[in-house]
Amino acid sequence: EEELAKAQQALNDAEPLASGGSDEGVVNGFYAAFHAAQAALYDRGIEPSSHGAIRNRFGEALVLDGSVDRSQGRLLTTLADLRQQVDYGYEPIDADVATLLDRTRSFVESMAALVDSEPGE
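This is the structure we're talking about:
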(Lines of atoms letter the chains of each structure in order from A and count residues from 1; the text may use other names and numbers.)
(Lines give C-alpha, C1' and ligand atoms only; values in the text may rest on other atoms or scores of the structure.)
Protein backbone atom coordinates (compact mmCIF):
# COMPACT_ATOMS: atom_id res chain seq x y z
CA GLU A 1 0.00 0.00 0.00
CA GLU A 2 2.90 2.35 0.72
CA GLU A 3 4.21 2.03 -2.84
CA LEU A 4 0.75 2.64 -4.29
CA ALA A 5 0.41 5.75 -2.11
CA LYS A 6 3.76 6.98 -3.42
CA ALA A 7 2.59 6.29 -6.97
CA GLN A 8 -0.54 8.35 -6.41
CA GLN A 9 1.45 11.21 -4.88
CA ALA A 10 3.81 11.25 -7.87
CA LEU A 11 0.79 11.40 -10.19
CA ASN A 12 -0.65 14.28 -8.20
CA ASP A 13 2.69 16.09 -8.41
CA ALA A 14 2.86 15.47 -12.17
CA GLU A 15 -0.57 16.94 -12.96
CA PRO A 16 0.37 20.65 -12.94
CA LEU A 17 3.68 19.94 -14.67
CA ALA A 18 2.09 17.88 -17.43
CA SER A 19 -0.61 20.45 -18.11
CA GLY A 20 2.19 22.87 -18.97
CA GLY A 21 3.97 20.27 -21.09
CA SER A 22 6.92 20.17 -18.69
CA ASP A 23 9.55 17.48 -19.03
CA GLU A 24 9.50 17.19 -15.24
CA GLY A 25 5.94 15.86 -15.58
CA VAL A 26 7.46 12.88 -17.35
CA VAL A 27 9.88 12.35 -14.48
CA ASN A 28 7.04 12.33 -11.95
CA GLY A 29 5.10 9.99 -14.21
CA PHE A 30 8.12 7.71 -14.27
CA TYR A 31 8.18 7.58 -10.48
CA ALA A 32 4.44 6.97 -10.33
CA ALA A 33 4.75 4.01 -12.69
CA PHE A 34 7.78 2.61 -10.93
CA HIS A 35 6.18 2.79 -7.49
CA ALA A 36 3.08 1.07 -8.88
CA ALA A 37 5.19 -1.61 -10.58
CA GLN A 38 7.13 -2.09 -7.37
CA ALA A 39 3.88 -2.53 -5.44
CA ALA A 40 2.79 -5.26 -7.86
CA LEU A 41 6.16 -6.98 -7.52
CA TYR A 42 6.13 -6.75 -3.71
CA ASP A 43 2.65 -8.26 -3.78
CA ARG A 44 4.21 -11.30 -5.47
CA GLY A 45 7.04 -11.51 -2.97
CA ILE A 46 9.63 -10.00 -5.34
CA GLU A 47 11.84 -7.26 -3.91
CA PRO A 48 13.87 -5.59 -6.68
CA SER A 49 16.82 -3.47 -5.59
CA SER A 50 17.01 -0.84 -8.36
CA HIS A 51 15.04 0.87 -11.11
CA GLY A 52 16.62 -1.48 -13.63
CA ALA A 53 15.69 -4.48 -11.54
CA ILE A 54 12.09 -3.25 -11.32
CA ARG A 55 11.91 -3.00 -15.11
CA ASN A 56 13.43 -6.45 -15.60
CA ARG A 57 11.45 -8.23 -12.91
CA PHE A 58 8.22 -6.55 -14.01
CA GLY A 59 8.71 -7.99 -17.46
CA GLU A 60 9.68 -11.42 -16.17
CA ALA A 61 7.09 -11.75 -13.42
CA LEU A 62 4.07 -9.89 -14.76
CA VAL A 63 4.30 -9.39 -18.53
CA LEU A 64 5.61 -12.81 -19.52
CA ASP A 65 3.10 -14.63 -17.32
CA GLY A 66 0.23 -12.64 -18.84
CA SER A 67 -0.79 -10.81 -15.67
CA VAL A 68 -0.36 -7.48 -17.46
CA ASP A 69 -0.39 -6.46 -21.09
CA ARG A 70 2.88 -6.01 -22.96
CA SER A 71 1.94 -2.39 -23.60
CA GLN A 72 2.27 -1.75 -19.87
CA GLY A 73 5.78 -3.17 -19.90
CA ARG A 74 6.62 -0.98 -22.88
CA LEU A 75 5.23 2.09 -21.10
CA LEU A 76 7.47 1.40 -18.10
CA THR A 77 10.48 1.18 -20.42
CA THR A 78 9.49 4.33 -22.32
CA LEU A 79 9.08 6.31 -19.10
CA ALA A 80 12.46 5.08 -17.84
CA ASP A 81 14.14 6.15 -21.06
CA LEU A 82 12.45 9.56 -20.98
CA ARG A 83 13.37 10.07 -17.33
CA GLN A 84 17.03 9.51 -18.20
CA GLN A 85 16.69 11.94 -21.07
CA VAL A 86 15.34 14.61 -18.69
CA ASP A 87 17.64 13.87 -15.75
CA TYR A 88 20.86 13.67 -17.71
CA GLY A 89 20.32 16.54 -20.11
CA TYR A 90 19.98 14.64 -23.33
CA GLU A 91 17.94 16.21 -26.10
CA PRO A 92 14.52 17.66 -25.17
CA ILE A 93 11.60 15.27 -24.99
CA ASP A 94 9.56 15.02 -28.14
CA ALA A 95 6.48 13.42 -26.61
CA ASP A 96 2.97 14.41 -25.63
CA VAL A 97 3.43 14.72 -21.87
CA ALA A 98 -0.31 14.89 -21.17
CA THR A 99 -0.92 11.64 -23.09
CA LEU A 100 1.95 9.94 -21.26
CA LEU A 101 0.45 11.04 -17.97
CA ASP A 102 -2.95 9.63 -18.96
CA ARG A 103 -1.30 6.32 -19.84
CA THR A 104 0.63 6.40 -16.57
CA ARG A 105 -2.55 7.04 -14.60
CA SER A 106 -4.11 3.99 -16.25
CA PHE A 107 -0.97 1.96 -15.46
CA VAL A 108 -1.13 2.92 -11.76
CA GLU A 109 -4.83 2.03 -11.63
CA SER A 110 -4.10 -1.34 -13.26
CA MET A 111 -1.35 -2.15 -10.78
CA ALA A 112 -3.60 -1.16 -7.86
CA ALA A 113 -6.34 -3.44 -9.19
CA LEU A 114 -3.82 -6.25 -9.66
CA VAL A 115 -2.59 -5.90 -6.09
CA ASP A 116 -6.17 -5.77 -4.77
CA SER A 117 -7.29 -8.78 -6.80
CA GLU A 118 -4.57 -11.21 -5.83
CA PRO A 119 -3.57 -12.17 -2.32
CA GLY A 120 -0.03 -11.07 -1.71
CA GLU A 121 2.79 -12.32 0.41
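Each residue of the sequence shown is one higher than the one before, starting from 10 at the first, in our numbering. Where is the CB? At the ideal position from N, CA and C, for every residue including glycine.
query: Looking at C-alpha atoms only, which residue of Tyr51, Arg79, Gln18 and Gly82 is the closest neighbour of Gly38?
result: Comparing Cα-Cα distances from Gly38 to each of Tyr51, Arg79, Gln18 and Gly82, the minimum goes to Gln18.
message: Can you tell me whether Arg92 is helix, strand or coil according to DSSP?
response: Of the three classes helix, strand and coil, the one that applies to Arg92 here is helix, per DSSP.
- prompt: Taking one C-beta from the segment 93-108 and one from the segment 70-85 each time, how about it: are there three or more such pairs within less than 8 Å?
  reply: Taking 8 Å as the limit for Cβ pairs, the verdict is that the segment 70-85 does not touch the segment 93-108.
Endpoints, alpha helix (DSSP H) assigned at Asp103: Segment: none, Asp103 is in no alpha helix (DSSP H) and carries neither H nor E.
task: State whether the segment 54-62 contacts the segment 102-117, with contact taken as three or more CB pairs (one from each stretch) at a distance under 8 Å.
output: Flag = no, the segment 54-62 and the segment 102-117 do not touch.
query: If Val36 sits next to Leu109, beta carbons under 8 Å apart, how far is it from one beta carbon to the other, in whole angstroms?
result: At roughly 11 Å, the Cβ-Cβ gap does not stay under 8 Å, so Val36 and Leu109 are not in contact.
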